[in-house]
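Remarks on the structure that follows.
Numbering (my numbering), first residue to last: 18 to 196.
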């Protein structure tokens, strides 16, 4: 929901929907990759036993998926293939006003995403500082409550919590939409 509000607030006045979508996508991909990289680092240092071992594998898988998504978005070859596939006869029934608008929006997003690539390291640095401060705040709360958990455990658990909270899921499902 927050991304939809950001999109509307940023793109609405200017009409630059593709550019804003690309900026939001890049920020999300880089932020999440940095978060998961921090999590993997702290998880590897802590090296939990039991089910906690699989959390690191899941975080590494998340980083790989984000790297693949980023590679696809910036790859000229992939974009050329996608344009060729979408213009094939198989998709001729999609031709028309909606298809053209969607195709132009997708092209704008991809082009803008490639332009924003220079900002990746700045976005990553800001994101890492933000996540590091979040980890420190969790540690401070744990110590204030006299919870005896190591810094490393708190760090990777916070990463997992942040990643799960970013998923678009609702524990109540359809009931929430009816109320």
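For each residue, glycine too, the CB sits at the ideal point set by N, CA and C.
In three-state DSSP terms, what is residue 68? Within the chain shown, the letter at position 51 stands for residue 68. Note: residue 68 maps to coil in three-state DSSP.
Pairwise C-alpha distance: residue 66 and residue 166: Here residue 166 refers to the residue found at position 149 when the chain shown is read from its first residue. Here residue 66 refers to the residue found at position 49 when the chain shown is read from its first residue. Straight-line Cα distance between these residues: approximately 14 Å.
Tell me which residues share the same chain as residue 194 and place their Cβ nearer than 8 Å to its Cβ, disregarding the 5 neighbours each side in the sequence. Numbered from 1 along the chain shown, position 177 holds the residue referred to as residue 194. Bear in mind that the predicted position of residue 194 carries a pLDDT of just 47, short of 50, making it unreliable; the figure below should be weighed with that in mind. So the list is empty, once near-sequence residues are dropped.
Where do the N-terminal and C-terminal ends of the alpha helix (DSSP H) with residue 63 fall, by residue? Within the chain shown, residue 63 is the residue found at index 46, counting from 1. Per DSSP, residue 63 belongs to the alpha helix (DSSP H) from 34 to 63.
How many Å lie between residue 70 and residue 101 at the Cα? What you label residue 70 is simply residue 53 of the chain shown in a count that begins at 1. What you label residue 101 is simply residue 84 of the chain shown in a count that begins at 1. Their Cα atoms are separated by approximately 43 Å.
Here's the rule: buried if 16 or more other CB atoms are within 10 angstroms of the residue's CB, otherwise exposed. What is residue 85? Residue 85 sits at position 68 when you count from the first residue of the chain shown. Residue environment for residue 85: exposed (fewer than 16 other C-beta atoms within 10 angstroms of its C-beta).
Under the rule that 16 or more other beta-carbon atoms within 10 Å means buried, what is residue 183, buried or exposed? Taking the first residue of the chain shown as 1, we reach residue 183 at position 166. When all chains shown are included, residue 183 counts as exposed.
Is the beta carbon of residue 29 closer than 8 Å to that of residue 125? Sequence index remark: in the chain shown, residue 125 carries index 108 (1-based). Sequence index remark: in the chain shown, residue 29 carries index 12 (1-based). Their beta carbons are not under 8 Å apart, which means residue 125 does not touch residue 29 by this criterion.
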